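Engineer: Those protein sequences? They're chains A and B, same order as listed.
Position one of the first sequence corresponds to residue 6 (my numbering), numbered consecutively onward.
Position one of the second sequence corresponds to residue 4 (my numbering), numbered consecutively onward.
Glycine residues also receive a C-beta, built at the ideal position from the N, C-alpha and C atoms.
As the structure is a computational prediction, the values presented were derived from the model and not from experiment.
Would you mind keeping the following structure in view while I ask a few things?
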Amino acid sequence: RTARNTKHNINEKTVKNYLETFGYLEKGQLEVGNLLMGDMAQSYEDDFRIAIKTLQQFGGIPVTGEIDAATKQLMRQRRCGRPDRELHEGGRH
Amino acid sequence: KRFAKQGEMWKHTNLTWSMSSRLIPSQLNLHETRHVLARALDVWEQASRLTFTEVNSDEADIVVSFARRNHGDAYPFDGRGSILAHAFFPGSGRGGDAHFDDDELWLLQPKNDDEEGTSLFAVAAHEFGHSLGLSHSSVKGALMFPWYQGIQPNFVLPEDDRHGIQDMYGPKVKKKWADNPNYRPIQTPPTTTTTTTTTTTTRRPYIHYHDRHHTNHRHDYNPRNPEKPNYYPTPPTYYPIPPHHPRPTPETTTRSVTNRPARYPNVGHEYPSHPRPNYPNHNVPKAKPSPTVRPTPSSDIPDTCNTSYDAVALIRGELFIFKNRYHWRIGSQGRYPQYPIEISRMWSGLPKDLTHVDAVYERPDKKIAFFVGRKLYLFDSQYLVRGYPKPLTHLGLPESLEKIDAAMVWGHNDKTYFYSGTMYWKFDEEEGRVELDYPRDMSMWKGVGYNIDSVFQWRDGKTYFFKGKGFWKFNDLHMRVEHERQLPSATFWMKC
Numbered sequence: 006r007t008a009r010n011t012k013h014n015i016n017e018k019t020v021k022n023y024l025e026t027f028g029y030l031e032k033g034q035l036e037v038g039n040l041l042m043g044d045m046a047q048s049y050e051d052d053f054r055i056a057i058k059t060l061q062q063f064g065g066i067p068v069t070g071e072i073d074a075a076t077k078q079l080m081r082q083r084r085c086g087r088p089d090r091e092l093h094e095g096g097r098h
Numbered sequence: 004k005r006f007a008k009q010g011e012m013w014k015h016t017n018l019t020w021s022m023s024s025r026l027i028p029s030q031l032n033l034h035e036t037r038h039v040l041a042r043a044l045d046v047w048e049q050a051s052r053l054t055f056t057e058v059n060s061d062e063a064d065i066v067v068s069f070a071r072r073n074h075g076d077a078y079p080f081d082g083r084g085s086i087l088a089h090a091f092f093p094g095s096g097r098g099g100d101a102h103f104d105d106d107e108l109w110l111l112q113p114k115n116d117d118e119e120g121t122s123l124f125a126v127a128a129h130e131f132g133h134s135l136g137l138s139h140s141s142v143k144g145a146l147m148f149p150w151y152q153g154i155q156p157n158f159v160l161p162e163d164d165r166h167g168i169q170d171m172y173g174p175k176v177k178k179k180w181a182d183n184p185n186y187r188p189i190q191t192p193p194t195t196t197t198t199t200t201t202t203t204t205t206r207r208p209y210i211h212y213h214d215r216h217h218t219n220h221r222h223d224y225n226p227r228n229p230e231k232p233n234y235y236p237t238p239p240t241y242y243p244i245p246p247h248h249p250r251p252t253p254e255t256t257t258r259s260v261t262n263r264p265a266r267y268p269n270v271g272h273e274y275p276s277h278p279r280p281n282y283p284n285h286n287v288p289k290a291k292p293s294p295t296v297r298p299t300p301s302s303d304i305p306d307t308c309n310t311s312y313d314a315v316a317l318i319r320g321e322l323f324i325f326k327n328r329y330h331w332r333i334g335s336q337g338r339y340p341q342y343p344i345e346i347s348r349m350w351s352g353l354p355k356d357l358t359h360v361d362a363v364y365e366r367p368d369k370k371i372a373f374f375v376g377r378k379l380y381l382f383d384s385q386y387l388v389r390g391y392p393k394p395l396t397h398l399g400l401p402e403s404l405e406k407i408d409a410a411m412v413w414g415h416n417d418k419t420y421f422y423s424g425t426m427y428w429k430f431d432e433e434e435g436r437v438e439l440d441y442p443r444d445m446s447m448w449k450g451v452g453y454n455i456d457s458v459f460q461w462r463d464g465k466t467y468f469f470k471g472k473g474f475w476k477f478n479d480l481h482m483r484v485e486h487e488r489q490l491p492s493a494t495f496w497m498k499c
């Protein structure tokens, strides 16, 4: 069996994918953000930081809103595949 | 910071569980694996009124599978990565089932694990929490905490999890059954069953006597009279469809065989308590049943008052019901006479050797979409739009998708949805592609199960799901069927 890959590189893309997989961020939300200018783009930037803070809070690590070492370590940890925040249909969360 | 309930829970407390007959662990001893899983279930049994009986059937409430990567649901595994397993909330079909990543190195002994090995007991106890209706908890140390924490040797269910399960199913009743105030006389001689006894139980209302824990028995059947449906949706109101101006029909012949896969055989044989004889010893899932072309005998005209439906759609305000090669049309004056007639008589652009259609819906732009096997046929009134049929992949649907079960524009948010098997997609009509955050699991539409036949929005703005010869009215707000029991389609829609 191949050894567990615990050193995989964590960058903004993998963080976004992680946040989407486990229900902290809706898929495609940031792509729309990149198209918008001014304060609308800023609000999508905030969504990303809010999602990181929510993950940090749920995971019981310091809430900084940054992709810091503790957050990277949390994201490398083995875990259940279900989302932490369950999706709803019809736009309600 | 505490447990979270997802909302779904089991209506009965005597749950059955089984290893999947197909997806078994490729690296573990089966007998020991079953023993570990039984211990993990016992964690929840000791804290609640639930009881778990192992059976040997893929129809059990909780079916445990060991699978790799993409394994037919919306949550692929990642090899030896960070995702270990997942499970589905209570419900029919796949509801309650637990999937474990077969690429992981699972440890069966309760010794402390390390970076490589993972305790199957710890993960199974967590996943079974989902199977019972618990979501993730943000309490560190709780069993339902989403990140793996290994397991302490003499494991005791943490308080947060105990509160969660007892909040849903009630605490275990330890008192002797004789002096239990709500004990009621047994009407049939008790059959002694214990947790580890393996028996094939069929889901029927019965009195279950369980003496190992001296729990009082429960009347599981409902003494009330069977509920009479206390409503009748407004009867369909009809108005004539605007006349079509037939144009010369270009001779388009596209030959495509459409077929409907045979229903998957149901495994349900007796299972001795010791390991199963001649057990398949490799993890290659059985090949999918080869799709068989539905025969088209001359007399495949469906019986109007005794049939299921392949597709149902509201087109130009009239109700079209499709079955085999035929369709009925219900207008303002009721069912059109001389129906059912061949579908191809109205939509000649469909394949000549058409056996049935899978799904039909009227798009917001008033074009009519027919799904036949892996293809989409788009019609402008009766005329096939140039460039069609197109493959399902053209809509962003996966290559592996063999057919669509149903399609509709959902009145709740005016978005288009496609359904197939255990999954569904939201479709962006402007983009012409399914949206990114899909597919999702059908259990979102509570009560309709999987593999539906059709869905559509009727003139009363309500959503109706069809399966077999019955239908459910669906509550869009609560995202669940309005009545557990299906209503007969023939009586209501065909006025039989």
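Give the residues from the segment 7-26 of chain B that approach chain A closer than 9 Å (Cβ to any Cβ), ordered along the chain.
Structural biologist: Here the close residues are Ala7, Gln9, Gly10.
Engineer: Straight-line CA distance for Met22(B) to Lys429(B)?
Structural biologist: Answer to the nearest angstrom: the Cα atoms are 33 Å apart.
Engineer: Grab me the residues of Thr256(B)'s own chain with a C-beta within less than 7 Å of its C-beta, minus the 5 sequence neighbours each way, in chain order.
Structural biologist: For Thr256(B), the predicted model reports a pLDDT of 35, less than 50, meaning its position is unreliable and no value from the coordinates is stated.
Engineer: Since I believe Leu87(B) is in contact with Arg84(A) (beta carbons under 8 Å), could you give me their beta-carbon distance rounded to a whole number of angstroms?
Structural biologist: About 7 Å separates the two Cβ atoms, so the contact holds.
Engineer: Using beta-carbon positions only, say whether Glu119(B) and Leu108(B) come within less than 8 Å of one another.
Structural biologist: Yes, they are a contact pair.
Engineer: Do you know how far the Cα of Leu381(B) is from the Cα of His166(B)?
Structural biologist: Using only the alpha carbons, I get a separation of about 54 Å.
Engineer: Taking 8 Å as the threshold, find out whether the segment 8-28 of chain B comes into contact with the segment 87-106 of chain B through three or more Cβ pairs.
Structural biologist: Yes, they touch.
Engineer: Looking at C-beta atoms only, is the number of pairs between the segment 433-443 of chain B and the segment 21-35 of chain A that lie closer than 8 Å three or more?
Structural biologist: Taking 8 Å as the limit for Cβ pairs, the verdict is that the segment 21-35 of chain A does touch the segment 433-443 of chain B.
Engineer: Is it buried or exposed for Gln341(B), if we count other Cβ within 10 angstroms and need 16 for buried?
Structural biologist: Exposed, by the Cβ-count rule.
Engineer: So, are the CB atoms of Met147(B) and Asp164(B) less than 8 Å apart?
Structural biologist: Yes, the Cβ-Cβ distance between Met147(B) and Asp164(B) is below 8 Å.
Engineer: So is Glu365(B) buried or exposed if we call it buried at 16+ other beta carbons inside 10 Å?
Structural biologist: Burial call: buried.
Engineer: Does any residue of chain A bring its CB to less than 8 Å from the CB of Lys143(B)?
Structural biologist: Closer than 8 Å to some Cβ of chain A, the Cβ of Lys143(B) qualifies, so yes.
Engineer: Nearest CA to the CA of Ser141(B): which residue from Gln152(B), Ile344(B), Asp81(B), Asn327(B)?
Structural biologist: With distances taken between Cα atoms, Ser141(B) lies closest to Gln152(B).
Engineer: Which full runs of the alpha helix (DSSP H) of 4+ residues lie inside the segment 399-486 of chain B, going along the chain?
Structural biologist: Whole alpha helix (DSSP H) segments, 4+ residues: zero.
Engineer: Taking buried to mean at least 16 other C-beta atoms within 10 Å of its own C-beta, is Thr396(B) buried or exposed?
Structural biologist: By the neighbour-count rule (16 or more Cβ atoms within 10 Å), Thr396(B) is not buried but exposed.
Engineer: With distances taken from CA atoms, which of Tyr391(B), Glu434(B), Asn17(B), Ser351(B) is nearest Leu379(B)?
Structural biologist: That would be Tyr391(B), whose Cα lies nearest to the Cα of Leu379(B).
Engineer: Take Thr16(B) and list the residues in its own chain whose beta-carbon comes closer than 6 Å to its own, dropping the five residues that flank it on each side.
Structural biologist: So the list reads Arg52, Leu53, once near-sequence residues are dropped.
Engineer: According to the Cβ coordinates, are Ser479(B) and Gly414(B) closer than 8 Å?
Structural biologist: Sequence inspection shows Asp at residue 479(B); the Ser mentioned does not correspond to that position. In contact: Asp479(B) and Gly414(B) (Cβ atoms closer than 8 Å).
Engineer: Out of Gly424(B), Glu62(B), Glu432(B), state which residue places its alpha-carbon closest to the alpha-carbon of Asp417(B).
Structural biologist: Selected option, being the one with the closest Cα: Glu432(B).
Engineer: How is Asp100(B) classed by DSSP in three states: helix, strand or coil?
Structural biologist: If DSSP states are grouped into helix, strand and coil, Asp100(B) belongs with coil.
Engineer: What residue from Thr425(B), Val66(B), Glu487(B) has the CA that sits closest to Asp76(B)'s CA?
Structural biologist: The shortest C-alpha separation from Asp76(B) is found at Thr425(B).
Engineer: Identify the residues that DSSP records as bridge partners of Glu345(B): which are they?
Structural biologist: Looking at the DSSP assignment, Glu345(B) forms a beta bridge with Tyr329(B).
Engineer: In whole angstroms, what is the alpha-carbon distance linking Gln385(B) and Arg332(B)?
Structural biologist: In a straight line, the C-alpha of Gln385(B) is about 14 Å away from that of Arg332(B).
Engineer: For Lys32(A), decide whether its Cβ has a neighbour in chain B, counting only Cβ atoms nearer than 8 Å.
Structural biologist: So, interface residue.
Engineer: If you follow the alpha helix (DSSP H) that Glu35(B) is in, where does it begin and where does it stop?
Structural biologist: From DSSP, the alpha helix (DSSP H) with Glu35(B) extends over 33-48.
Engineer: Report the residues of the segment 48-66 of chain A with a CB closer than 9 Å to any CB of chain B, ordered along the chain.
Structural biologist: Listed in sequence order: Gln62, Phe63, Gly64, Gly65.
Engineer: Name the chain B residues that come within less than 8 Å of Leu79(A), Cβ to Cβ?
Structural biologist: Here the neighbours are Trp150.
Engineer: Taking the alpha carbon of Asp64(B) as the point to measure from, which residue in Tyr78(B), Arg348(B), Leu44(B) has its own alpha carbon closest?
Structural biologist: Checked all of Tyr78(B), Arg348(B), Leu44(B); the closest Cα to Asp64(B) is Leu44(B).
Engineer: Using a C-beta cutoff of 8 Å, does Glu71(A) count as contacting chain B?
Structural biologist: Answer no: the Cβ-Cβ gap between Glu71(A) and chain B never drops below 8 Å.
Engineer: When DSSP builds the beta bridges, which residues end up paired with Lys378(B)?
Structural biologist: Bridge partners of Lys378(B): Val375(B), Pro394(B).
Engineer: Would Glu17(A) pass as an interface residue toward chain B - the criterion being a Cβ-Cβ separation below 8 Å?
Structural biologist: Closer than 8 Å: no.
Engineer: Could you check whether Val458(B) and Met411(B) sit closer than 8 Å to each other, using their CB atoms as the reference points?
Structural biologist: Against a cut-off of 8 Å, the Cβ pair of Val458(B) and Met411(B) comes out as a contact.
Engineer: By a C-beta neighbour count over all protein chains shown, 10 Å radius and 16 as the cutoff for buried, is Gly471(B) buried or exposed?
Structural biologist: Exposed.
Engineer: Is it buried or exposed, Pro394(B), if we count other Cβ atoms within 10 angstroms and call 16 or more buried?
Structural biologist: Pro394(B) is exposed by the Cβ-count criterion.
Engineer: Going by DSSP, which residues form a beta bridge with Met22(B)?
Structural biologist: Note: Met22(B) sits in a beta bridge opposite Val67(B).
Engineer: Where does Tyr23(A) sit, in a helix, a strand or coil, going by DSSP?
Structural biologist: In the structure shown, Tyr23(A) sits in a helix (DSSP, three-state: H, G or I).
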